[in-house]
Structure formats: structure tokens, C-alpha cells
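Peer 1: Throughout, our numbering is defined as the position within the sequence shown, counted from one, plus 562. Each residue gets a CB set at the ideal place from its N, CA and C atoms; glycine is no exception.
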Amino acid sequence: MAYAGSQQLEKRLTKIEARRRALSHGAVYSVNQDGLIIARPRRRGMRRPLHLVIVALVGVLLFKAMLFASIGAGTYNARVATLSEGTAIERAGGWLMHADGLTVWLATQGKMLLK
Numbered sequence: 563m564a565y566a567g568s569q570q571l572e573k574r575l576t577k578i579e580a581r582r583r584a585l586s587h588g589a590v591y592s593v594n595q596d597g598l599i600i601a602r603p604r605r606r607g608m609r610r611p612l613h614l615v616i617v618a619l620v621g622v623l624l625f626k627a628m629l630f631a632s633i634g635a636g637t638y639n640a641r642v643a644t645l646s647e648g649t650a651i652e653r654a655g656g657w658l659m660h661a662d663g664l665t666v667w668l669a670t671q672g673k674m675l676l677k
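Here you go:
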């Protein structure tokens, strides 16, 4: 029969290990009123993946504008129309790459800056 205190010890050790693992991913330090410095695990959130998605969307938008400005409206729209008639993946690409108002505006602004 196991000693009852050993179960409490195992539970405490499990909590200590979990806290140590959480602190290894980052910590926020604070000072109590008595001067004791306490390290708390940094909260993990959706900030980083959301940030990456926003950067990717801006990158795609700038790529579309650069492509639109460099090859011209007629050629760009013809190529997007060709994409829209292809397979499912090509249709998705055609939908993503179609020239919306913001893309056209960015392309004209980019052309004006380059002249």
C-alpha cells in the first residue's frame, strides 16, 4: 500500500513540472510589495498566427498590384479569365487574383511613384 503523502508529493511534482515547462516558453516577471520577484508563464494567444495571416494577405495584395501594373490591365484580366476556366485550384487562383478596386488603385499609385 502506497503512503498517502507520496500521492500528494507526486501531485505537487506534476504541478511543478507543468509550471517549469510553461515558464520555458516565456515568462512575465513582476515584483510584489515585499520585493519578491515572481515569474508567471506568458499567456499564449492567437496574436502570432493572426499577425502572419494579415502579413500574408497584404503580401498577396501587393503582389497582385505589382503584377497588374507591370503587365497591364488587358493582359492581366485575360490571364485571370484563363485561370477562371481551369481546374478547381486554378479557379480558386482566378478568384483570388481578380482585379478588385484596391488592386487597381495600388497599381496606379505604384506607377505614379515610379515615373
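(1) To the nearest angstrom, how far is it from the Cα of P611 to the Cα of V620?
(2) Assign Y638 to one of three DSSP states: helix, strand, or coil.
(3) Between the Cα of A626 and those of G567, L658 and R574, spot the shortest distance and give me the residue it belongs to.
(4) Specify the secondary structure class of A589 as computed by DSSP and reduced to three states.
(5) Under a Cβ-count criterion, where at least 16 other Cβ atoms within 10 Å of its own Cβ denotes burial, should A631 be classed as buried or exposed?
(6) How would you label Y565, buried or exposed, when you count the other beta carbons within 10 angstroms and need 16 or more for buried?
(7) CA-CA distance, L623 and R604?
Peer 2: By the coordinates alone:
(1) Along the sequence shown, one-based indexing puts residue 611 at 49. Along the sequence shown, one-based indexing puts residue 620 at 58. Going from the Cα of P611 to the Cα of V620 covers about 14 Å.
(2) For this step, residue 638 is matched to residue 76 along the sequence shown. Judged by DSSP in its simplified three-state form, Y638 adopts helix.
(3) Position 64 of the sequence shown, counting from 1, holds the residue named residue 626. The question names Ala, but residue 626 is Lys in the sequence shown. Across the set G567, L658 and R574, the C-alpha of L658 shows the shortest separation from the C-alpha of K626.
(4) The count along the sequence shown starts at 1 and reaches residue 589 at position 27. When DSSP states are grouped into helix, strand and coil, A589 belongs to the strand group.
(5) Locating residue 631 in the sequence shown gives position 69, counting from the first residue. Classification of A631: buried, given that the 10 Å Cβ count is 16 or more.
(6) As a working note, residue 565 is residue 3 in the sequence shown. Burial check for Y565: the Cβ neighbour count within 10 Å stays below 16, so the residue is exposed.
(7) Translated into positions along the sequence shown, residue 623 becomes position 61. Translated into positions along the sequence shown, residue 604 becomes position 42. The straight-line gap from Cα to Cα measures roughly 33 Å.
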